[in-house]
Ligand SMILES: Cc1ncc(COP(=O)(O)O)c(C=O)c1O
Ligand SMILES: Cc1ncc(COP(=O)(O)O)c(C=O)c1O
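Chains as they are written, first to last, in our numbering: chain A, 573 to 695; chain B, 573 to 695; chain C, 58 to 449; chain D, 58 to 449.
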């Protein structure tokens, strides 16, 4: 069902957890499946220095979170905001069709985390 | 489907054919299946001296004709008239249920042959 | 005693390659295709292979147009009920008088219980439907035309392309019961232009208890069995994987063996027909002499009764049938022969001999000899004489 | 890697003795039971043997009360539609909220398309129907009560005898879907007092694609598939002989192995349940602790998602399922757990482990170790913490 990249990220997810001193934190849930994705970021010089994720969700959700953290580390805020859920799925080599709509929340959670960071900056 | 007695009488039917100088002849047909049974008899001293049958019908019909001829040979007219289709079926060791109602015409054909003989006697 | 099986239209012996596949899907690949784990996923992939194999045999556009069922009969029921009850409200069906009971009795049920109107088209002396009669019968509320590809009793092949073209022109859906045609004839659902087609595994050296319905993409059809939504919602129930995989393999083998297989059967069939008509006086062929299934010979013998003939053949090791194998034990003359205008008596003296993969020329010659002797024996004490009732 | 199959409620591996029978009826005894010749007669007699074997397993009064179908699902459809559409005009059905989709979706079809009214009885926290609720629900137009023998997801055994007694008293027919109960529990249709019962071969080490419906003599039921009149007119279509003979053999084996088999499974099941509940914090058993199928363990783990659990188990060679094997790919929480009042989150973290003939104590211990590790790993990065949402 899942390809090898997905299975790898599911089995050995990168950057799991929650940054203790996060600059921004985002949490989104899928209304259809009840999945939850949480992303915390550390930002310096307008770049994402560190990122961690937590997931309550299926294998695809876990792999998406893991892949996202790899994709986003070191990127500028502007670059990070351009990452979409579709790009995460693509980086994973594709996800099964029924999984696309519900388990692919990682980019959204990241964007929430960035919004949170920006709000704190401005506030 | 058929027992060994039936198969024997089907394979080697006794007394097939038509007596050339018959004293009586009977022919009956089954309205459900279109089977035809024909029996000819030779009578002397009120006894059936000889008997032959012809059949257009299934295996059970052929075996019934054959069995009937064996049962009836040498019997008096009165005795012969007591033979029923059920008795023929019984002598054959039983017939499959769906065959009972349509292929067991031998006794009826015999009775017709006796009637024919009696009519000739009286006529 | 020699044993000769000439009842391949009733059912066939499962091919060894097929048996192997069936066993593998009972013993090793036993998962449920709906399961997410590896045991299940393996089988799910295989199921798609079987669909592909069947699709290729009839040249369907894609495997997704193949739906597996529990028999050819169920596929026929699904095709007809599934269209008529699909909510579009059309309640007229056109079929023929010589269809299999799976079609005829389904139509009768729809007439009696679902307010449908059914036109049963007549056939000519060869058992053939006139395409013009289909055109005439089509009405505004015609939901479906269902005409069999080839007849199971007399082997006559119907003018399916002509009929399908008329249906297409009139915007009416067309189904064909090709249970007997598949595997013997080069069927091509796209070239033939049919919207639905029924086939059954056990007629092509696959296992009994599995059939398939081809449904052209876009045709709207309702299920008759509800549940877990298998077969994309059209036929619920855990898929009969061993038999389905067997059907897939049987379909592949059938495709690879065509058309040589058809040619070989045709040669043997003609040897049988010619041999019998030459050897046995007052015998005649039922069905079309040329537009007939390669495997089918159906011959009437005057003055003898079919069941007695079959019994005698059986005692000589030859398995044949008269009319269609029927479970009721009834001996009413075949509805097919009756519709063709064959007299009741000739119909009752008919024997169907259907050839198969294992039939040899020696089998054919043994059958000719045996049947000639059997007919002679039975005629000797038939009250009708050898010429039959109409000649008396 | 060790491979442990704990999804026997989804389907089972066919027993070697059964495989042998299936092969014999493809290769040697391949006749059509409707044929009059010896090839056919042999098979016709065998069919009766299979009927007898199934009848004995459930203690039917005679083999004639057993009707073979193409799946458990089809048997369920036949039972419900066959009664409701039998012409007596009663249009009310009583069933439960935790039935298999074969029942639920059939009922929905009858509601939507045939003017039926359906009462879906609630269940308690164990998934059990209250017999008193059946009594209350019975109305003048109640045609049928259909309550499953034991649940396929949580294993809870229903109070069938009490419910059947109420139905008998009220003069209402009672059907039970015993697909999961047969083979594990000592089912006796006469003592239980049910009028109809569904079973399926592939849950008892028989092949997929064959089921049976027990119909007590005298119960009037209409076919849903029409044709050649096989199965005494109740299910037309050439009988799936290889699979049917396999079901017969599987039924015989199941009968001979009971009750030892049930006891052995119960011991292993309890070892599994106790082991998991002890080892994994914040885990709980779904379904009844005692009135449950010997083979069924269904456990919820807080804060982890079932599909991820299954995937990780699968990667460790363990085949399990969450909820019922479902072909739609949907991840909606199980209707059974929802009806039992289990929270959506707990429902989503549920795993069903179902034991079988080949399950060993080592398999159980390996599963406990693996599952404990997998849950720990997944919880480590769950945003809900190990206790789950309601504890946060
Ligand atoms: C309780 C129950 N009923 C019905 C069925 C359907 O039977 P089958 O898989 O033979 O269609 C199943 C199994 O899937 C089941 O568990
Ligand atoms: C023309 C035709 N249609 C339908 C069927 C029914 O198929 P099955 O035997 O798989 O039910 C048969 C064979 O019995 C057939 O010959």
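Glycine included, every Cβ here is placed at the ideal spot set by N, Cα and C. Note that the coordinates shown come from a computational prediction; the quantities given were computed from them, not determined experimentally.
Within 10 angstroms of its Cβ, does residue i collect 16 or more other Cβ (buried), or is it exposed?
i, result
"residue 626 of chain A", "buried"
"residue 382 of chain C", "In this predicted model, residue 382 of chain C has a pLDDT of only 39, less than 50, meaning its place in the structure is not dependable enough to derive any value."
"residue 164 of chain D", "buried"
"residue 662 of chain A", "exposed"
"residue 405 of chain D", "buried"
"residue 426 of chain D", "exposed"
"residue 609 of chain A", "buried"
"residue 449 of chain D", "Low local confidence applies: a pLDDT of 39 at residue 449 of chain D is under 50, so the model's placement there is unreliable, with the coordinate-based value given in what follows. When all chains shown are included, residue 449 of chain D counts as exposed."
"residue 287 of chain D", "buried"
"residue 464 of chain D", "Lying outside 58 to 449, the shown extent of chain D, residue 464 of chain D is not represented and no answer is given."
"residue 359 of chain C", "buried"
"residue 228 of chain D", "exposed"
Tell me residue i's beta-bridge partners as DSSP assigns them.
i, result
"residue 609 of chain B", "B:600, B:627"
"residue 410 of chain D", "D:354"
"residue 213 of chain C", "C:349"
"residue 342 of chain D", "D:356"
"residue 391 of chain D", "Per DSSP, none; premise fails for residue 391 of chain D."
"residue 239 of chain C", "C:242"
"residue 268 of chain D", "D:126, D:257"
Got a sec: does ligand 2 put a non-hydrogen atom nearer than 7 angstroms to the Cβ of residue i?
i, result
"residue 128 of chain C", "yes"
"residue 237 of chain C", "yes"
"residue 392 of chain C", "no"
"residue 397 of chain C", "no"
"residue 257 of chain C", "yes"
"residue 373 of chain D", "no"
"residue 354 of chain C", "no"
"residue 308 of chain C", "no"
"residue 300 of chain C", "no"
Chain B partners of residue i, CB-CB under 7 angstroms?
i, result
"residue 368 of chain C", "582, 631"
"residue 491 of chain C", "This structure does not reach residue 491 of chain C, given that chain C is present from 58 up to 449, and the question cannot be answered."
"residue 360 of chain C", "628"
Nearer than 7 angstroms: is that true of the beta carbon of residue i relative to any heavy atom of ligand 1?
i, result
"residue 295 of chain C", "yes"
"residue 268 of chain D", "yes"
"residue 209 of chain D", "yes"
"residue 234 of chain D", "yes"
"residue 166 of chain D", "no"
"residue 253 of chain D", "no"
"residue 64 of chain D", "no"
Along chain D, in chain order, which residues have C-beta atoms closer than 7 angstroms to that of residue i?
i, result
"residue 687 of chain A", "In chain order: nothing, as chain D lies at least about 18 angstroms away."
Counting only Cβ pairs nearer than 8 angstroms, list the residues of chain B close to residue i.
i, result
"residue 401 of chain C", "606"
Cβ closer than 8 angstroms: which chain D residues qualify as neighbours of residue i?
i, result
"residue 95 of chain C", "371, 376"
"residue 22 of chain C", "Residue numbering for chain C in the displayed model covers 58 to 449; residue 22 of chain C lies beyond these limits and cannot be assessed."
So which residues on chain C does residue i lean against when the C-beta distance must stay under 7 angstroms?
i, result
"residue 610 of chain B", "440"
"residue 265 of chain D", "295, 296, 297, 298, 299"
Check whether the Cβ of residue i sits closer than 7 angstroms to any heavy atom of ligand 3, and report yes or no.
i, result
"residue 659 of chain B", "As presented, the structure is devoid of ligand 3, carrying ligand 1 and ligand 2 as its sole ligands."
What does residue i touch in chain C if you count any residue whose Cβ is under 9 angstroms from its own?
i, result
"residue 577 of chain B", "The premise fails here: residue 577 of chain B is roughly 14 angstroms from chain C at the closest Cβ pair, so nothing lies under 9 angstroms."
Would you check if there are 3 or more beta carbon pairs closer than 8 angstroms linking the stretch 582-596 of chain A to the stretch 426-443 of chain D?
yes
Under 9 angstroms (Cβ pairs) to chain G, residues found in the stretch 613-628 of chain A:
Protein chains in the displayed structure are A, B, C and D, and chain G is not among them.
Evaluate the contact criterion for the stretch 234-246 of chain C versus the stretch 682-693 of chain B: three or more CB pairs, one atom per stretch, below 8 angstroms.
Contact between the stretch 234-246 of chain C and the stretch 682-693 of chain B is absent, because fewer than three Cβ pairs lie under 8 angstroms.
At least 3 beta-carbon pairs within less than 8 angstroms: the stretch 316-327 of chain C vs the stretch 184-203 of chain C:
no
Taking contact to mean 3 or more Cβ pairs, one atom from each stretch, closer than 8 angstroms, check whether the stretch 206-216 of chain D and the stretch 182-191 of chain D are in contact.
yes
Does the stretch 86-95 of chain C come within contact of the stretch 292-299 of chain C, defined as at least 3 CB pairs closer than 8 angstroms?
yes
Quick test of the definition: if touching needs 3 or more C-beta pairs under 8 angstroms, does the stretch 110-130 of chain D touch the stretch 166-175 of chain D?
no
Spell out a yes or no on whether the stretch 359-379 of chain C and the stretch 93-102 of chain D are touching, meaning 3 or more CB-CB pairs, one atom from each, closer than 8 angstroms.
yes
If we count Cβ pairs, one from each stretch, closer than 8 angstroms, do we get three or more for the stretch 200-207 of chain C versus the stretch 223-232 of chain C?
yes
Check whether the stretch 253-266 of chain C and the stretch 124-137 of chain C touch, using three or more Cβ-Cβ pairs below 8 angstroms as the test.
yes
Between the stretch 395-414 of chain D and the stretch 171-183 of chain D, are three or more C-beta pairs nearer than 8 angstroms?
yes
For the 8 angstroms Cβ check, are there 3 or more pairs between the stretch 609-624 of chain B and the stretch 70-84 of chain C?
When C-beta atoms of the stretch 609-624 of chain B are compared with those of the stretch 70-84 of chain C, fewer than three pairs fall below 8 angstroms, so the two segments do not count as touching.
Any 3 or more C-beta pairs closer than 8 angstroms across the stretch 671-686 of chain A and the stretch 648-657 of chain A:
yes
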